[in-house]
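K.L.:
Number of protein chains: 2
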Amino acid sequence: MASSRSLLVDCHTHIYPPSYMDLMRKRTEIPRVHTAPDGQEKVILLKEEAHGDGSNSQGRPVGPQYWDRAEKIKFMDTHGIDVSIVSLANPWLDFLTPDEAVKAARDLNLDIQQYCSTYPSEASTSSSQFSPQTSNRLFAFGSLPLVPGVETSKVLEAIEQIKSLSHVRGVVMGTRGVGKGLDDEAMEPIWKALADSGLVVFVHPHYGVEGAFGEQDNGHVLALALGFPFETTIAIARLILYGVLDRYPTLRLLLAHSAGALPALSSRLSSCVVHDPTVKDRLQHDFRYYLGQMWYDAVTYGPEELALTERVVSRADKYEGKDEHLAYVDRGVFPGVDRIMFGTDHPFFPPLDGEGTRWKSVDENLDAIAGVAGWSGTERSKVMGRNAVELFGIEL
Amino acid sequence: MASSRSLLVDCHTHIYPPSYMDLMRKRTEIPRVHTAPDGQEKVILLKEEAHGDGSNSQGRPVGPQYWDRAEKIKFMDTHGIDVSIVSLANPWLDFLTPDEAVKAARDLNLDIQQYCSTYPSEASTSSSQFSPQTSNRLFAFGSLPLVPGVETSKVLEAIEQIKSLSHVRGVVMGTRGVGKGLDDEAMEPIWKALADSGLVVFVHPHYGVEGAFGEQDNGHVLALALGFPFETTIAIARLILYGVLDRYPTLRLLLAHSAGALPALSSRLSSCVVHDPTVKDRLQHDFRYYLGQMWYDAVTYGPEELALTERVVSRADKYEGKDEHLAYVDRGVFPGVDRIMFGTDHPFFPPLDGEGTRWKSVDENLDAIAGVAGWSGTERSKVMGRNAVELFGIEL
Chain H
1 MASSRSLLVD CHTHIYPPSY MDLMRKRTEI PRVHTAPDGQ EKVILLKEEA HGDGSNSQGR
61 PVGPQYWDRA EKIKFMDTHG IDVSIVSLAN PWLDFLTPDE AVKAARDLNL DIQQYCSTYP
121 SEASTSSSQF SPQTSNRLFA FGSLPLVPGV ETSKVLEAIE QIKSLSHVRG VVMGTRGVGK
181 GLDDEAMEPI WKALADSGLV VFVHPHYGVE GAFGEQDNGH VLALALGFPF ETTIAIARLI
241 LYGVLDRYPT LRLLLAHSAG ALPALSSRLS SCVVHDPTVK DRLQHDFRYY LGQMWYDAVT
301 YGPEELALTE RVVSRADKYE GKDEHLAYVD RGVFPGVDRI MFGTDHPFFP PLDGEGTRWK
361 SVDENLDAIA GVAGWSGTER SKVMGRNAVE LFGIEL
Chain R
1 MASSRSLLVD CHTHIYPPSY MDLMRKRTEI PRVHTAPDGQ EKVILLKEEA HGDGSNSQGR
61 PVGPQYWDRA EKIKFMDTHG IDVSIVSLAN PWLDFLTPDE AVKAARDLNL DIQQYCSTYP
121 SEASTSSSQF SPQTSNRLFA FGSLPLVPGV ETSKVLEAIE QIKSLSHVRG VVMGTRGVGK
181 GLDDEAMEPI WKALADSGLV VFVHPHYGVE GAFGEQDNGH VLALALGFPF ETTIAIARLI
241 LYGVLDRYPT LRLLLAHSAG ALPALSSRLS SCVVHDPTVK DRLQHDFRYY LGQMWYDAVT
301 YGPEELALTE RVVSRADKYE GKDEHLAYVD RGVFPGVDRI MFGTDHPFFP PLDGEGTRWK
361 SVDENLDAIA GVAGWSGTER SKVMGRNAVE LFGIEL
């Protein structure tokens, strides 16, 4: 690798540890892992995947890239990724009973700590120039037993466990909380503990939206390209409207897929709030202010979209309080870049035809960072890795 | 008015003609108009409005601003709007039987033609400097009887009727087509007729998304700020994936609320398409190309969001065909401004406290146009009115 390149940290990269694969293989309903007639194991996560035709039928191929650490490192080396912060992929523990989820979270957190902290298990094969401590190429988000009916104390115990694990620096979380979403009184002690912990909370979608995609067969496109970002957008809008960021301003939320459609609809949300008698006096600030309190991955696939994320974060402090403010004017200052971090969504979106060794989906996101108009080299290097080093406290 | 200001044309402004109000008053189910205990007539359009408390209960106040032309002109004069292109507000004719819808469309198209063409009915009170022909301050989108079970020939007859009406320059359309959405074989002859007609098709949401907004009372905020744009985004993504813009490249679609989340998710859509075996070979161009084939209102409420709409249209021609292209680099050239047009969404989003005479929601959208970084005065004047003059063939 060229020594002049930027440190590259992947904040959005998933695994299914072997124990999790076993949980999914045992299931007969979605989500599940099954062996297709051709002998290929496939994971069915979405209802849309339970039918279909030809190569697209019955889910997506699932193989060692989901659980084999050597495959993750190989992917990282191919793309020049120095450090990955891995997280359990959706649907996490959502399908388990409370007791099962509590046990599974505890075991998976130990698994993922071992996955990260014992690398390399043999003589170093690391090709990173930035990691003299080669044990520091892998970090993780832990899992919480967030299922309906779980005792709050069990969730708080999981947070305590995670705080004790050297390589687990955050938690991954879906949008349902303990069943009613992230705008639920039952989540309050959990938000408080997470805010106090300093852990990064990676909010990620799984369920999409219901009954909106019609009768034509569009494969996974609409569920993944629209359902996922819509789910995240709704969940975070609800969280903000419930006052969670007013009460816990130190909460560190990292939003998957650059928060979906939240940046593009944040001024519309602001306007709808001030025009609605039910909501207009509820929040301490203009809705747009809260976008500056959160972090975003750079998984947008295009530079114009990524630029929007940066601009809505950059303008956020103009909207402190509820006074009228002049529109933000772009003067070539980009404070929002401090809140955005490269991600790949590995091992999802592999090349369809296996062409080359680099993944198109990864290059799209690298090109997006390279293509944002106006950013300096320093700003791009923050997004590529320096921001993650700071946020997760990564020791290089 | 200052003579140096730009011509201002409002392409997104709604009416409920008296005959439509009567249809809504007769109904006992949503959508309906009823008289609240305080004597105020209210319209209930969304399920979220059928409950609620206090001033927010049982819908939104509906009054002469919905049907009285003098009120529309007064609103236009207050905000310096020279020309309005009015459209029937949602939910249009969706709740009628085919026979009822055919008759209602025919009558409403005559009503709206009269509404526009007979102004001023008495001595001119126009304050516009741009309309020596004062009969040309109002134009319209007509209505089509797009309901399940309607005969295609009846829809085509409505298109013929509209073509014969001097002040009706387009049609307003929801996202359900004749029941199954805009990606429906039954829509093909209708798309063909609309493409051949040169009429502008204003696509507007009404239904939002189902079951996603949780248990907290957030008034109308989530349904309007998120459900509406999500519905439009899904509808147009489905239309593109069905190949409608490949088959009818001359179709002139104008997308409400700047196409919702479509600009922000267009690169994600592109990436999901090329990674999906079901869809990857279906379209003639990269998904992003099609964004350059459509028109957008400027109803974004913020300059950064509006800039994104312009940028994704500006970059569209880079994505002709399916070759790899370098990321679009912003060089201060803004061809996308030709496709964006000012709108107000009047008479929705009135000031809550009646303060002042100008509407905050209108000023937010004017400020958005004024605040986009990089646009010249010429570019802003296109968005404010010149584009609409050209697209709708308005004679000044």
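These protein sequence lines map, in sequence, to chains H and R. Using UniProt numbering, read the first sequence as starting at 1 and increasing by one per residue. Using UniProt numbering, read the second sequence as starting at 1 and increasing by one per residue. Note that beta-carbon positions come from the ideal geometry of N, C-alpha and C, so glycine has one too. It should be emphasised that the depicted structure is a prediction, and the values quoted were computed from it without experimental measurement.
1. Checking contacts by CB at 8 Å: is F75 of chain H closer than that to chain R?
2. Taking only runs that begin and end inside the segment 28 to 81 of chain H, name each unbroken beta strand (DSSP E) of 3 or more residues, in chain order.
3. Grouping DSSP H, G and I as helix and E and B as strand, with all else coil, what is F334 of chain R?
4. By the criterion of Cβ-Cβ separation under 8 Å, what are the contact partners of Q216 of chain R in chain H?
5. Could you tell me which chain R residues have their CB closer than 9 Å to the CB of F349 of chain H, listed as they occur along the chain?
6. Compute the distance between the beta-carbons of R339 of chain R and V312 of chain R, then report whether it is under 8 Å.
7. Under 8 Å: do the segment 228 to 245 of chain R and the segment 199 to 217 of chain R share three or more Cβ pairs, one atom per stretch?
8. Would you kindly work out how many angstroms separate the C-alpha atoms of P98 of chain R and G149 of chain R, rounded to a whole number?
9. For the beta strand (DSSP E) that I15 of chain H lies in, which residues bound it at each end?
10. Hey, out of R:E29, R:D111 and R:I44, whose CA is closest to Y20 of chain R's CA?
11. Can you tell me whether DSSP reads F139 of chain R as helix, strand or coil?
12. From which residue to which residue does the alpha helix (DSSP H) around W191 of chain R run?
13. Residues in its own chain within less than 8 Å of Y115 of chain H by CB, not counting five upstream and five downstream?
14. Mind checking which residues open and close the alpha helix (DSSP H) that includes V362 of chain H?
15. In chain H, which residues lie less than 8 Å from K180 of chain R when you measure between Cβ atoms?
16. How would you list, in chain order, the residues of chain H whose beta-carbon sits under 7 Å from the beta-carbon of E304 of chain R?
17. Quick one: complete alpha helix (DSSP H) runs, 4+ long, within the segment 228 to 300 of chain R?
18. So the candidates are R:E304, R:S376 and R:E364; which of them puts its Cα closest to the Cα of P334 of chain R?
19. Is the Cβ of Y290 of chain H closer than 8 Å to any Cβ of chain R?
20. Is the CB of T232 of chain H under 8 Å away from at least one CB in chain R?
21. Who does I162 of chain R pair with in a DSSP beta bridge?
22. With a CB to CB cut of under 6 Å and the five nearest residues on each side skipped, what residues in its chain are close to F348 of chain R?
23. Could one say the Cβ of E210 of chain H lies closer than 8 Å to chain B's Cβ atoms, at least one of them?
24. Could you tell me which chain H residues have their CB closer than 8 Å to the CB of R252 of chain R, listed as they occur along the chain?
25. Does the pairing of the segment 148 to 168 of chain R with the segment 37 to 45 of chain R give three or more beta-carbon distances under 8 Å?
26. To the nearest angstrom, how far is the alpha carbon of V244 of chain H from that of D286 of chain H?
27. Determine the chain R residues that contact R247 of chain H at a beta-carbon separation under 9 Å, and present them in chain order.
28. Decide yes or no for the touch test of the segment 280 to 299 of chain R against the segment 277 to 293 of chain H: beta carbon pairs closer than 8 Å, at least 3 of them.
29. For Y301 of chain R, return the contacting residues in chain H, with the cut-off set at a CB-CB distance below 8 Å.
30. Taking the beta carbon of P263 of chain R as the centre, do at least 16 other beta carbons fall within 10 Å, making it buried, or is it exposed?
31. When you compare the CB of P91 of chain H with every CB in chain R, is at least one pair closer than 8 Å?
32. Rounding to the nearest angstrom, what Cα-Cα distance links W67 of chain H and A89 of chain H in this structure?
33. DSSP state of R311 of chain H, grouped into three classes?
34. Tell me whether L396 of chain R sits in a helix, a strand or coil according to DSSP, three-state version.
35. For a contact meaning CB atoms closer than 8 Å, what does S361 of chain R contact in chain H?
P.N.:
Reading off the structure:
1. Counted from its first residue, the first sequence places residue 75 of chain H at position 75. Chain R contact via Cβ: absent.
2. 32 to 35 and 41 to 44
3. The count along the second sequence starts at 1 and reaches residue 334 of chain R at position 334. Looking at F334 of chain R - three-state DSSP - the assignment turns out to be coil, as it is neither helix nor strand.
4. Taking the second sequence and counting its residues from 1, the one referred to as residue 216 of chain R is at position 216. Chain H residues near Q216 of chain R: D183, R238, L241 and Y242.
5. Your numbering for residue 349 of chain H matches position 349 in the first sequence. By Cβ distance, chain R contributes S271, C272 and H275.
6. Taking the second sequence and counting its residues from 1, the one referred to as residue 339 of chain R is at position 339. Taking the second sequence and counting its residues from 1, the one referred to as residue 312 of chain R is at position 312. No, the Cβ-Cβ distance between R339 of chain R and V312 of chain R is not below 8 Å.
7. yes
8. For the purposes of this step, residue 98 of chain R is identified with residue 98 of the second sequence, where counting begins at 1. For the purposes of this step, residue 149 of chain R is identified with residue 149 of the second sequence, where counting begins at 1. Computed Cα separation, rounded: 6 Å.
9. Indexing the first sequence from 1 puts residue 15 of chain H at position 15. Residues V9 to I15.
10. Numbered from 1 along the second sequence, position 20 holds the residue referred to as residue 20 of chain R. With distances taken between Cα atoms, Y20 of chain R lies closest to R:D111.
11. For the purposes of this step, residue 139 of chain R is taken as the residue at position 139 of the second sequence. F139 of chain R falls in the strand class under three-state DSSP.
12. Reading the second sequence from its first residue, position 191 is the one you call residue 191 of chain R. It spans E188 to S197 - the alpha helix (DSSP H) in which W191 of chain R sits, taken as one unbroken run.
13. Position 115 of the first sequence, counted from the first residue, corresponds to residue 115 of chain H. These residues qualify, in order along the chain: I15, P17, R69, V86, L138 and A140.
14. Along the first sequence, read from residue 1 onward, the residue named residue 362 of chain H stands at position 362. Counting along the chain, the alpha helix (DSSP H) containing V362 of chain H begins and ends at K360 to G371.
15. Here residue 180 of chain R refers to the residue found at position 180 when the second sequence is read from its first residue. Correct list: G214 and E215.
16. Stepping through the second sequence from its first residue, residue 304 of chain R is reached at position 304. Ordered by position in chain H, the residues that pass the 7 Å Cβ test against E304 of chain R are L308, R311, V312, R315 and Y328.
17. 228 to 241, 244 to 247 and 262 to 274
18. Indexing the second sequence from 1 puts residue 334 of chain R at position 334. A quick correction: the sequence has Phe, not Pro, at residue 334 of chain R. Checking every option, the nearest Cα to that of F334 of chain R belongs to R:S376.
19. Position 290 of the first sequence, counted from the start, is the residue given in the question as residue 290 of chain H. No, its Cβ sits nowhere closer than 8 Å to a Cβ of chain R.
20. The count along the first sequence starts at 1 and reaches residue 232 of chain H at position 232. No, its Cβ sits nowhere closer than 8 Å to a Cβ of chain R.
21. Start at 1 with the first residue of the second sequence, and residue 162 of chain R comes out as number 162. Partner(s): none; I162 of chain R has no beta bridge.
22. For the purposes of this step, residue 348 of chain R is identified with residue 348 of the second sequence, where counting begins at 1. Nothing listed; no residue qualifies.
23. In the displayed structure, chain B is absent; the protein chains listed are H and R.
24. Here residue 252 of chain R refers to the residue found at position 252 when the second sequence is read from its first residue. In chain order: nothing, as chain H lies at least about 23 Å away.
25. no
26. Position 244 of the first sequence, counted from the start, is the residue given in the question as residue 244 of chain H. Position 286 of the first sequence, counted from the start, is the residue given in the question as residue 286 of chain H. In a straight line, the C-alpha of V244 of chain H is about 14 Å away from that of D286 of chain H.
27. In the first sequence, counting from the first residue as 1, residue 247 of chain H sits at position 247. The premise fails here: R247 of chain H is roughly 14 Å from chain R at the closest Cβ pair, so nothing lies under 9 Å.
28. no
29. If you number the second sequence from 1, residue 301 of chain R lands on position 301. By Cβ distance, chain H contributes S267, R268, S270 and S271.
30. Against the second sequence, residue 263 of chain R aligns to sequence position 263. It counts as buried.
31. Position 91 of the first sequence, counted from the start, is the residue given in the question as residue 91 of chain H. Output row for P91 of chain H: interface = no.
32. Along the first sequence, read from residue 1 onward, the residue named residue 67 of chain H stands at position 67. Along the first sequence, read from residue 1 onward, the residue named residue 89 of chain H stands at position 89. Cα to Cα, the separation comes out at about 11 Å.
33. Position 311 of the first sequence, counting from 1, holds the residue named residue 311 of chain H. The answer is helix: DSSP assigns R311 of chain H an H, G or I state.
34. If you number the second sequence from 1, residue 396 of chain R lands on position 396. Coil.
35. Residue numbering aside, residue 361 of chain R sits at position 361 when the second sequence is read from its first letter. What S361 of chain R touches in chain H: S271 and H275.
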